[in-house]
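Here's the structure, in structure tokens; my notes come after.
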Amino acid sequence: MWHLTLQEKKAYESAMKLFIYESDEEWTQSLAYAKENDFDLYKEKKQELDELRDSLMNYLPLRFQPYVLDGTLNTPEVSKHVREDFLRWRNEQEQLFENILDAAFEEKQKTLAYMKPMEREVFEQSLHDAKIVSIRRNTTQVELTFDMAGGFTAKSIISLTFNNVISEVGQVELEQFYIYDELRKTANGIALRVIFDCPEVEWTIEAEELDAEFYYRSKTYNDFAENGNFSAYIQTLQLENGLIFITPQLKKQVVGLQQQAPFLIFENSYLYENEHGVFVDSIRVADKLDDCIHFLHTETYEDPYAHFSEPVPVQDLEEAALGTDLELKVRAWNTMYANPVQLAEKINDILMQMNPGQEDDMMQRVFIRHFNKEGILTTKLQAKFKDILTE
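Under my numbering, residues 769 to 1159 are what the sequence shown spells out, in order.
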């Protein structure tokens, strides 16, 4: 039996739709603010209740419905007893849904032990807000490909392939968003339930086997994603990182890079551009080559911020740490943070040249507390930054 259902999600969302102030004090403050800013809070609340009236009457317990009909449920006129009862009920609905999500998460955690490493890695991280960009089917297989641009992972694209499908309930569509999931080990293989949004649907699939593939963006991707200079972007890529060209229609391995258009060489396929657009063999994939930047992914993760961890030579630390080059400054402070004992003398020299509040307050607190914890600050510096150390 599944913990996660679309019905439970809708019940939770319905319970949270109507906002009401939780105390007389909040109402007093809000009414005073409305008067000061010359707007009618009662009118606003009436309009809100009118817009939600039909849905409220469908899901609210009967004891609250009279206060929807007379228009008082979200006003100060409703009795304190009713208001507190409503808030208590709403909190119970919120807790109920949180318990459902917790149970679904626990079920997924148990299932991960039965999965292969790549598949486990995908589900150990979150697929939340992934967008479906491709759906491929045959009689025994379903493959979904997700764009992870809005997600919570370094991966740029993920494909899930369900092999030897046993059952599928619900209809998935392109550009739906992956919201919640529950994963189960079954006697036949593995089952996945997902609540998608836009449009909202509950989708459940069981298959004998699940395979996953995922790729990343090049570390230079963000430098070119907006300006769309495809030829310049290609010059920053490394073939040895494993380049893949993925569109909603196809996936091609890049086996070579060249200096002139179309810049990419595919295995057993040909990329070209003409007055009608960009094609891979006979399949049109874009209007122009510059639009193809988003189709390129790598098999190897490249940290786009790795350069901030490159150490600054000791002889250059002072100039870098106190200078105006932001990237060099970050690298200098990261170098000192990572090597406080070895660089203690240099760190103390640099801190003596700084004034409390001279640099970013948060930065000062983080670094000075760290250096103090490492026991390298002189007595004079401890006195100088006393306010930070005693906060």
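Glycine is no exception: its CB is placed at the ideal position from the N, C-alpha and C atoms.
Neighbourhood of residue i by C-beta distance below 7 Å, restricted to the same chain and skipping five residues each side
{"i": "Ser-938", "result": "Checking the sequence, you will find Gly at residue 938 rather than Ser. Excluding residues within five positions, the ones whose Cβ falls inside 7 Å are Val-969, Glu-970, Trp-971, Thr-972."}
{"i": "Glu-790", "result": "Leu-855"}
{"i": "Glu-892", "result": "Leu-880"}
{"i": "Ile-795", "result": "The sequence as given places Trp at residue 795; Ile does not occur at that position. Here the set comprises Tyr-789, Pro-844."}
{"i": "Ile-1115", "result": "Met-1104, Pro-1108, Phe-1139, Ile-1144"}
{"i": "Ile-903", "result": "Leu-912, Val-940, Leu-942"}
{"i": "Ala-1054", "result": "Gly-1045, Val-1046, Cys-1060"}
{"i": "Leu-809", "result": "Ser-798, Leu-799, Ala-802"}
{"i": "Ala-975", "result": "Phe-930, Asn-931, Asn-932, Val-933, Ile-934, Gly-957, Ile-958"}
{"i": "Val-846", "result": "Tyr-835, Thr-840"}
{"i": "Glu-816", "result": "Asn-842"}
As assigned by DSSP and simplified to three states, the class of residue i
{"i": "His-928", "result": "Checking the displayed sequence, the identity of residue 928 turns out to be Leu instead of His. Note: Leu-928 maps to strand in three-state DSSP."}
{"i": "Val-937", "result": "strand"}
{"i": "Asp-897", "result": "coil"}
{"i": "Glu-1078", "result": "coil"}
{"i": "Phe-711", "result": "Residue 711 falls outside the range modelled here, since the chain spans only 769 to 1159, and no answer is possible."}
{"i": "Thr-1092", "result": "coil"}
{"i": "Asn-1042", "result": "strand"}
{"i": "Glu-950", "result": "strand"}
{"i": "Val-1109", "result": "coil"}
{"i": "Lys-785", "result": "coil"}
{"i": "His-771", "result": "coil"}
{"i": "Gln-1017", "result": "coil"}
{"i": "Phe-1047", "result": "strand"}
{"i": "Phe-1063", "result": "helix"}
{"i": "Leu-1032", "result": "strand"}
{"i": "Ala-1100", "result": "helix"}
{"i": "Leu-1057", "result": "helix"}
{"i": "Ala-959", "result": "strand"}
{"i": "Leu-1025", "result": "strand"}
Same chain only: Cβ atoms within 6 Å of residue i, ignoring 5 sequence neighbours per side
{"i": "Glu-1035", "result": "Gln-1021, Val-1023"}
{"i": "Ser-894", "result": "Phe-920"}
{"i": "Ala-980", "result": "Met-886, Glu-887, Val-890, Leu-928"}
{"i": "Arg-961", "result": "Trp-770, Leu-772, Glu-950, Thr-972"}
{"i": "Ala-872", "result": "His-771, Leu-772, Glu-950"}
{"i": "Trp-813", "result": "Looking at the sequence shown, residue 813 is not Trp but Lys. Closer than 6 Å at Cβ, skipping near neighbours: Asn-842, Thr-843."}
{"i": "Lys-987", "result": "Glu-1070, Pro-1072"}
{"i": "Leu-1119", "result": "Leu-1149"}
{"i": "Lys-777", "result": "Ile-963"}
Contact belief for residue i with residue j at Cβ below 8 Å, rounded distance in angstroms
{"i": "Arg-858", "j": "Ala-783", "result": "5 Å"}
{"i": "Ile-947", "j": "His-896", "result": "7 Å"}
{"i": "Gln-861", "j": "Ala-779", "result": "7 Å"}
{"i": "Asn-842", "j": "Leu-786", "result": "6 Å"}
{"i": "Pro-1072", "j": "Asn-1009", "result": "With 8 Å as the limit, Pro-1072 and Asn-1009 do not qualify as a contact, their Cβ atoms being about 13 Å apart."}
{"i": "Ala-1100", "j": "Leu-1057", "result": "With a Cβ gap of about 40 Å, Ala-1100 and Leu-1057 do not count as contacting."}
{"i": "Leu-1157", "j": "Arg-1137", "result": "7 Å"}
{"i": "Phe-1031", "j": "Phe-982", "result": "Rounded, the Cβ-Cβ distance is 24 Å, inconsistent with contact."}
{"i": "Ile-1033", "j": "Gln-1027", "result": "Ile-1033 to Gln-1027, Cβ: 12 Å. No contact."}
{"i": "Leu-1090", "j": "Gln-1121", "result": "6 Å"}
Sequence-distant residues of its chain with Cβ nearer than 8 Å to residue i (five each side left out)
{"i": "Cys-966", "result": "Glu-943, Gln-944, Phe-945"}
{"i": "Glu-875", "result": "His-771, Glu-950, Leu-951, Arg-952"}
{"i": "Leu-1096", "result": "Val-1080, Ala-1088"}
{"i": "Ala-1151", "result": "none"}
{"i": "Tyr-984", "result": "Ala-922, Lys-923, Ser-924, His-1065, Thr-1066, Glu-1067, Thr-1068, Tyr-1069, Glu-1070"}
{"i": "Ala-917", "result": "Lys-899, Ser-924"}
{"i": "Tyr-882", "result": "Lys-953, Ile-958"}
{"i": "Leu-978", "result": "Met-883, Glu-887, Leu-928, Thr-929, Phe-930, Asn-931, Gly-957, Ile-958, Leu-960"}
Chain C contact for residue i (CB, 8 Å cutoff)
{"i": "Glu-887", "result": "You won't find chain C in this structure, because it holds only one protein chain."}
Segment contact, 8 Å Cβ cut-off, at least three pairs: the segment 892 to 911 with the segment 927 to 945: yes
Whole alpha helix (DSSP H) elements within the segment 966 to 1015, 4-residue minimum: 989 to 992, 998 to 1002
Three-pair Cβ contact test at 8 Å for the segment 1017 to 1025 versus the segment 1046 to 1055: yes
3-residue-minimum beta strand (DSSP E) runs that sit fully inside the segment 1111 to 1158, ordered along the chain: none
Contact between the segment 1075 to 1083 and the segment 1036 to 1045 (3+ Cβ pairs under 8 Å): no
Touching by the beta-carbon criterion (3+ pairs, under 8 Å), the segment 994 to 1004 and the segment 1053 to 1069: yes
4-residue-minimum alpha helix (DSSP H) runs that sit fully inside the segment 787 to 846, ordered along the chain: 792 to 804, 809 to 827, 833 to 837
Unbroken stretches of the alpha helix (DSSP H), 4 residues or longer, contained in the segment 854 to 925: 885 to 892
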